[in-house]
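J.: What follows is a single structure, and I will ask about it in a moment.
There are 2 protein chains.
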Amino acid sequence: MNTKPLLDYISKYITLTDEEEVFFISKLTYRKYLKGQYIVQQGDICDKTSFLISGCSKTFYVDDKGQEHIVLFAIEDWWVSDIGSFITQTPADYNVQCIENTEFIQFSYQDQELLLDKIPKLERLFRKMIEKALVSTQKRIVRGFSLNAKEQYLYFKQHYPTIEQRVPQYMIASYLGITKEFLSKIKSQILLEQ
Amino acid sequence: MNTKPLLDYISKYITLTDEEEVFFISKLTYRKYLKGQYIVQQGDICDKTSFLISGCSKTFYVDDKGQEHIVLFAIEDWWVSDIGSFITQTPADYNVQCIENTEFIQFSYQDQELLLDKIPKLERLFRKMIEKALVSTQKRIVRGFSLNAKEQYLYFKQHYPTIEQRVPQYMIASYLGITKEFLSKIKSQILLEQ
DNA sequence: AATAAATGTTAATCTAGATTAACATGATTT
DNA sequence: AAATCATGTTAATCTAGATTAACATTTATT
């Protein structure tokens, strides 16, 4: 198991002793998913939090009409889970599905409790992780208010150029809350402008 | 300063020793705002987190066209701040304004750091607070996907009956992301159905 | 290489909700 | 009790973006 990316990530927030690091690693599991596989399915209880090592995933909600709404793409160094479901151990609202073959390092809900018990300074790490998630959610809400579809697409393209390349266009449309047809229109418009 | 509501709130998540409690209280300040006053203004740096003791506030974003978008009403026992601005000490995206005379207990960014230093178990409290905020944000996003305007209004009315009574209708419309005219239409429709 | 499946494009049409404007009511202020 | 201000209502019109459908292209499978 290649724990380096995760340990590097963690070291930005807290410093573990050797002993703590060993215990921490002992609670981690490595898992490889194939393209199309689900890490979380809406309705299930999300029993693990996953740190993405390689690949790409999408987090999305399917409404009554079967419409998919993507809320997040994750790539290297991102955490994924349905946080609401994980925290309260109730059914998940969201799905997380791999859109490439994807590797994760994961820990279970129970092991998170053990980890927090044994290494209280992880509280700080988890706080920081959740803060980051909350901030990016709130920033995205603000973009939804202040930018039109085209501006949101340009923002996405500029800030996540890798994702824009890796992910099919209809998924980007779903992420932006527009149809693929409309995104297509936007893209041709942008081309004309240049 | 009436710290009881806050201490009661905290005791749901952690237990402070007497000494810790004294130190904690020493870093709190009490402040009364008049109706219309701002706790946070977008563009300012949000330097404090506020726990609402009595009254009511709205958190909202004003777009380029001057349009107000309410994202949260807060009443007794809720925390308010622009979390992104508070954490990163960068300009706030949101405004928080009192819609009644309102009392808060507050602590500053600097004192939060002091508090976390002296009482590490507060990490857990703050983690839990932010988890709650993130979960309710994500739940609200799901409602946005799965419910139409009328269903969202009914959800709001059912879950926050107090707020529905206290707050002018045009603010509820803004919270629901619709015009007051349309909310009015919805309400008359609901009346007809009964 | 041929076929099938997935994804993208174009263009016509549709619709939920927004906008506008004129009037109504209820609450404050003088 | 007028006058003013805040909020609500009704109804006509407008529009951003959605939907549909037919076709095009790219990618995966045989």
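Read top to bottom, the protein sequences are chains Y and H.
Sequential numbering from 6 applies to the first sequence in the numbering used here.
Sequential numbering from 6 applies to the second sequence in the numbering used here.
For glycine and all other residues, C-beta sits at the position ideal for the given N, C-alpha and C.
1. Considering only residues of the stretch 8-58 of chain H, which uninterrupted beta strand (DSSP E) runs meet the minimum length of 3 residues and lie entirely inside it, listed in chain order?
2. Roughly how many whole angstroms lie between the Cα atoms of Y:ALA178 and Y:PHE187?
3. Going by the DSSP bridge assignment, what does H:LYS63 pair with across the sheet?
4. Applying a beta-carbon distance threshold of less than 7 Å, which residues of chain H neighbour Y:GLY89?
5. According to DSSP, simplified to helix, strand and coil, what is Y:THR107?
6. Using the rule of at least 16 other Cβ atoms within 10 Å of the residue's Cβ for burial, across every protein chain shown, is Y:VAL27 buried or exposed?
7. Would you mind working out which of Y:LYS137, Y:GLU24, Y:SER189 and Y:VAL85 sits nearest Y:LYS59, comparing C-alpha positions?
8. Flag H:TYR175 as yes if its beta-carbon sits less than 8 Å from any beta-carbon of chain Y, otherwise no.
9. With a CB to CB cut of under 8 Å and the five nearest residues on each side skipped, what residues in its chain are close to H:PHE112?
10. Quick one, which of H:ASP49, H:PHE56 and H:CYS103 has its alpha-carbon nearest H:ILE30's?
11. State the Cα-Cα distance for the pair Y:ILE168 and H:ILE146, rounded to the nearest angstrom.
12. Measuring CA to CA, which of Y:LEU39, Y:LYS190 and Y:LYS70 is closest to Y:GLU105?
13. Using a Cβ cut-off of 7 Å, pull out every chain Y residue sitting near H:ARG132, in sequence order please.
14. By a C-beta neighbour count over all protein chains shown, 10 Å radius and 16 as the cutoff for buried, is Y:ASP13 buried or exposed?
15. Once you ignore the five residues that flank H:ILE50 on each side, which residues in its own chain have a CB closer than 8 Å to its CB?
16. Measure from the alpha carbon of H:ASN153 to the alpha carbon of each residue in H:GLY182, H:LYS70 and H:GLN46, then state which is nearest.
17. With 8 Å set as the bound, which would you pick, yes or no: does the beta-carbon of H:ASP49 sit closer than that to a beta-carbon of chain Y?
18. Where does Y:SER86 fall in DSSP's three states?
19. If you draw a straight line from the C-alpha of Y:GLN163 to the C-alpha of H:ILE19, how long is it?
20. Given that a residue counts as buried once 16 or more other Cβ atoms are within 10 Å of its Cβ, and exposed if not, what is H:GLU156?
21. Any chance you could list the alpha helix (DSSP H) runs of at least 4 consecutive residues sitting entirely within the stretch 104-159 of chain H, in chain order?
22. Which same chain residues end up closer than 6 Å to Y:GLN46 when comparing Cβ atoms and leaving out the 5 residues on each side of it in sequence?
23. Can you pull the chain H residues whose beta carbon is under 7 Å from the beta carbon of Y:PRO125, in chain order?
24. Below 8 Å on C-beta distance, what does Y:VAL3 contact in chain H?
25. Any Cβ of chain Y within less than 8 Å of the Cβ of H:SER55?
26. Compare the C-beta of H:VAL85 with all C-beta atoms of chain Y and state if any pair is closer than 8 Å.
27. DSSP puts H:PRO96 in a beta bridge; with which residues?
28. Can you pull the chain H neighbours of Y:PHE150, defined as C-beta to C-beta under 7 Å?
29. With a cut-off of 8 Å on the beta carbons, I'd call Y:GLU136 and H:ILE88 a contact; round off their distance for me.
30. Taking H:ILE80 as the reference, give the member of H:ASP68, H:GLN72, H:SER62 and H:VAL67 with the closest Cα.
31. List the residues of chain Y that H:ASP98 touches, going by C-beta distances under 8 Å, in chain order.
32. Determine whether the Cβ of H:ILE44 lies closer than 8 Å to any Cβ atom of chain Y.
33. The stretch 21-35 of chain H: which residues have C-beta closer than 7 Å to a C-beta of chain Y, in chain order?
34. Taking only beta-carbon positions, decide if Y:ILE92 is within less than 8 Å of chain H.
35. So the candidates are H:LYS144, H:ARG132 and H:GLN102; which of them puts its Cα closest to the Cα of H:TYR160?
36. Would you kindly check if the distance between the Cβ of H:LEU197 and the Cβ of Y:LEU139 is under 8 Å?
T.: Once the coordinates are examined:
1. 34-38 and 43-45
2. If I take the Cα positions, the gap works out to 8 Å.
3. H:PHE78 and H:GLN102
4. By Cβ distance, chain H contributes VAL140, GLN143 and LYS144.
5. Here Y:THR107 sits in strand by DSSP.
6. exposed
7. Strictly speaking, residue 59 of chain Y in this sequence is Ser, with Lys absent from that position. Checking every option, the nearest Cα to that of Y:SER59 belongs to Y:VAL85.
8. Residue-level contact check: H:TYR175 does not touch chain Y, since none of the beta carbons of chain Y fall below 8 Å from its beta carbon.
9. Annotation for H:PHE112: LYS32, LEU33, THR34, LYS53, THR54 and LEU120 place their beta carbon closer than 8 Å to its own, counting only its chain and skipping 5 residues before and after.
10. Of H:ASP49, H:PHE56 and H:CYS103, the smallest CA-CA separation from H:ILE30 is found for H:PHE56.
11. 22 Å
12. Y:LEU39
13. Around H:ARG132, the beta-carbon contacts reaching into chain Y at under 7 Å are GLU128, PHE131, ARG132 and ILE135.
14. exposed
15. SER90, GLN94, THR95, PRO96 and ALA97
16. H:GLY182
17. no
18. coil
19. 43 Å
20. exposed
21. 114-123 and 127-151
22. These residues qualify, in order along the chain: ASN100.
23. Correct list: PRO125.
24. Nothing can be reported for residue 3 of chain Y, as the shown portion of chain Y is limited to 6 through 199.
25. no
26. no
27. H:ILE50
28. TYR66, ASP68 and HIS74
29. 7 Å
30. Among H:ASP68, H:GLN72, H:SER62 and H:VAL67, the Cα nearest to that of H:ILE80 belongs to H:SER62.
31. GLN143, LYS144 and VAL147
32. no
33. Within the stretch 21-35 of chain H, no residue has a Cβ that lies closer than 7 Å to any Cβ of chain Y.
34. Taking 8 Å as the CB threshold, Y:ILE92 lines the interface with chain H.
35. Of the candidates H:LYS144, H:ARG132 and H:GLN102, the one whose C-alpha sits nearest the C-alpha of H:TYR160 is H:LYS144.
36. no
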